[in-house]
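With my numbering applied, the sequence shown covers 27 to 444.
Beta carbons: idealized from backbone N, C-alpha and C, even for Gly.
Right, one structure below, let's go through it.
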Amino acid sequence: PNIVFIMVEGLGRDFVGEGAEYEGFTPFLDSLTKKSLYWENCLSNTGRTFGVLPSLIGSLPFGKSGFMELEKYPNKLTLFSILKNNGYFTSYFQGTNSSFDNIDRFLLSENVDFVLDKSGFGNQYTMQEEDAAGSSWGYPDKELFKKSMSLPRENGQPRMEVYMTISTHEPFIPPNQELYEDKVERLLAKSSHSGKIKKVIEKNDNVFATLLYTDDALKYAFEEFKKQPDYDNTIFIITGDHRLIPIPQRNNLSRFHVPLIMYSPMLKTTKKISAISSHFDVTPSILALLEGKYELKMPKRVAWMGGELDMNAEFRSIKNIPLMRNKNELKEYISGDKLYSDGSVYSIDENMDLGTTIGGSKAEARLEVFKSMNAYVTTNDKIIPDSLAIFAVKKEKFTDSEIVWINSVYNGQDSDKG
Numbered sequence: 027p028n029i030v031f032i033m034v035e036g037l038g039r040d041f042v043g044e045g046a047e048y049e050g051f052t053p054f055l056d057s058l059t060k061k062s063l064y065w066e067n068c069l070s071n072t073g074r075t076f077g078v079l080p081s082l083i084g085s086l087p088f089g090k091s092g093f094m095e096l097e098k099y100p101n102k103l104t105l106f107s108i109l110k111n112n113g114y115f116t117s118y119f120q121g122t123n124s125s126f127d128n129i130d131r132f133l134l135s136e137n138v139d140f141v142l143d144k145s146g147f148g149n150q151y152t153m154q155e156e157d158a159a160g161s162s163w164g165y166p167d168k169e170l171f172k173k174s175m176s177l178p179r180e181n182g183q184p185r186m187e188v189y190m191t192i193s194t195h196e197p198f199i200p201p202n203q204e205l206y207e208d209k210v211e212r213l214l215a216k217s218s219h220s221g222k223i224k225k226v227i228e229k230n231d232n233v234f235a236t237l238l239y240t241d242d243a244l245k246y247a248f249e250e251f252k253k254q255p256d257y258d259n260t261i262f263i264i265t266g267d268h269r270l271i272p273i274p275q276r277n278n279l280s281r282f283h284v285p286l287i288m289y290s291p292m293l294k295t296t297k298k299i300s301a302i303s304s305h306f307d308v309t310p311s312i313l314a315l316l317e318g319k320y321e322l323k324m325p326k327r328v329a330w331m332g333g334e335l336d337m338n339a340e341f342r343s344i345k346n347i348p349l350m351r352n353k354n355e356l357k358e359y360i361s362g363d364k365l366y367s368d369g370s371v372y373s374i375d376e377n378m379d380l381g382t383t384i385g386g387s388k389a390e391a392r393l394e395v396f397k398s399m400n401a402y403v404t405t406n407d408k409i410i411p412d413s414l415a416i417f418a419v420k421k422e423k424f425t426d427s428e429i430v431w432i433n434s435v436y437n438g439q440d441s442d443k444g
């Protein structure tokens, strides 16, 4: 099957699905949750975008400030390299600059076949309006999908496509902003939102307008995917990189609480799953499915941060999950139904609310053990041995004279400007 990931900027669970705190602003995604395998209590392992790709696609540790920030990558396995090794055409799409957060370097290390970023759109696509400072992130979400869908796809060769959206990020200026802000006003008038929630929506109408725009862009993407070869043999995975930061958060877990939606025309049964899983569990689970059903060639041994996605329909929290809020800020850890957060321990209930807890928890001690392991394997190249790496890290080093020459040629430019 083709595997398509859509990582939606800021898509917290508070905005998606039944019972969402700010329900009603993602109608297409809401409808998709009812036709899918839907994990309503998934956690992003990082509180900002820098960690979503390594966590979701590689089940990789964080290093000091996020895996992609490491000066030298250790040998690793990811969904990109394993699927490419099985004949997949791998590609990555974003409307912004791929050198941001070192995404380009990470994709290069995985020998990804095709990368689209801001530099590759051409003049028939419209960039996001400039913000007050006169800069634009790049191309809004619908333009990203339009560009992607205009590209030829080989019929018969399986594809792995990964998308990162941007519109639902500051400065929240979607195309047709007035139209979407009017829609927010109309939706609010008909909705049951009241009190504090209503005030937040009114005050941040541009944020909720952008959510409506991105939801429309995703609806457009799915309509276009239906016209692509092998659509009926495609698995779609949609999740947020973290929860929108400008909208007030209920607690220390909200920032990480995202929906995880797996949709496919091949899906025999839909299911809403309330058990807690994290992005670390997605790649191991996809590979287990492919290995079991399609005789995938797998490395003899793997090293994942996660395990299988918990399929329990009822709420439960039985995993150990480290959470990195910001780069270099590893202060949260879930151990079973307890969250350790910056010196305090909380219980987690079925609504993902936090309560005070009596008695100790192993979460703090486990976080310390994780920190040691995380530092050791990322600085000493100890995730997997060279012999298991599909794309082994090149060991050659440039000489001092070569470094001088490289610096003179590039003069501080990155791959987008060079």
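Mapping the DSSP letters down to three states, classify residue i as helix, strand or coil.
i: residue 408; result: coil
i: residue 285; result: strand
i: residue 45; result: coil
i: residue 381; result: strand
i: residue 65; result: strand
i: residue 457; result: Given a span of 27 to 444 for the chain in the structure shown, any question on residue 457 remains unanswerable.
i: residue 34; result: strand
i: residue 120; result: strand
i: residue 141; result: strand
i: residue 39; result: helix
i: residue 221; result: helix
Within 10 Å of its beta-carbon, does residue i have 16 or more other beta-carbons around it, so buried, or fewer, so exposed?
i: residue 261; result: buried
i: residue 94; result: buried
i: residue 429; result: exposed
i: residue 344; result: exposed
i: residue 28; result: buried
i: residue 87; result: buried
i: residue 45; result: exposed
i: residue 242; result: buried
i: residue 426; result: exposed
i: residue 98; result: exposed
Give a yes or no on whether the C-beta atoms belonging to residue i and residue j are separated by under 8 Å.
i: residue 300; j: residue 339; result: yes
i: residue 349; j: residue 71; result: yes
i: residue 329; j: residue 409; result: yes
i: residue 332; j: residue 363; result: no
i: residue 1; j: residue 284; result: Because the chain spans 27 through 444 in this model, residue 1 falls outside it and cannot be assessed.
i: residue 357; j: residue 368; result: yes
i: residue 40; j: residue 392; result: no
i: residue 360; j: residue 377; result: no
i: residue 203; j: residue 235; result: yes
In chain order, what residues of the same chain lie with their CB nearer than 7 Å to the CB of residue i, ignoring the 5 residues before and after it?
i: residue 164; result: 121, 122, 123, 144, 153, 154, 192
i: residue 91; result: 353, 354
i: residue 177; result: none
i: residue 52; result: 41, 42, 237, 241
Measure the beta-carbon distance from residue i to residue j and round it to whole angstroms, keeping in mind my assumption that it falls under 8 Å.
i: residue 77; j: residue 183; result: So it is not a contact: roughly 30 Å between Cβ atoms.
i: residue 232; j: residue 207; result: 7 Å
i: residue 407; j: residue 101; result: 6 Å
i: residue 127; j: residue 75; result: 7 Å
i: residue 401; j: residue 366; result: Between residue 366 and residue 401 the Cβ distance is about 18 Å, and since that is not below 8 Å, they are no contact.
i: residue 195; j: residue 47; result: Wrong, their Cβ atoms sit about 20 Å apart, outside the cutoff.
i: residue 273; j: residue 230; result: 6 Å
Grab me the residues of residue i's own chain with a C-beta within less than 6 Å of its C-beta, minus the 5 sequence neighbours each way, in chain order.
i: residue 109; result: 186
i: residue 32; result: 189, 264
i: residue 336; result: 301, 303
i: residue 286; result: 65, 68, 265
Does residue i come within less than 8 Å of chain C when only Cβ atoms are used?
i: residue 321; result: Here chain C cannot be found, since the structure has a single protein chain.
Can you list, in chain order, the residues of its chain with a C-beta nearer than 8 Å to that of residue i? Leave out the 5 residues immediately preceding and following it.
i: residue 309; result: 82, 83, 84, 85, 104, 105, 330, 332
i: residue 61; result: 289, 293, 296
i: residue 278; result: 358, 365, 367, 368, 372, 380
Would the C-beta of residue i count as close to the ligand GDP, meaning under 7 Å from any of its heavy atoms?
i: residue 346; result: Absence of the ligand GDP from the depicted structure is noted, as is the absence of any ligand whatsoever, leaving it without description.
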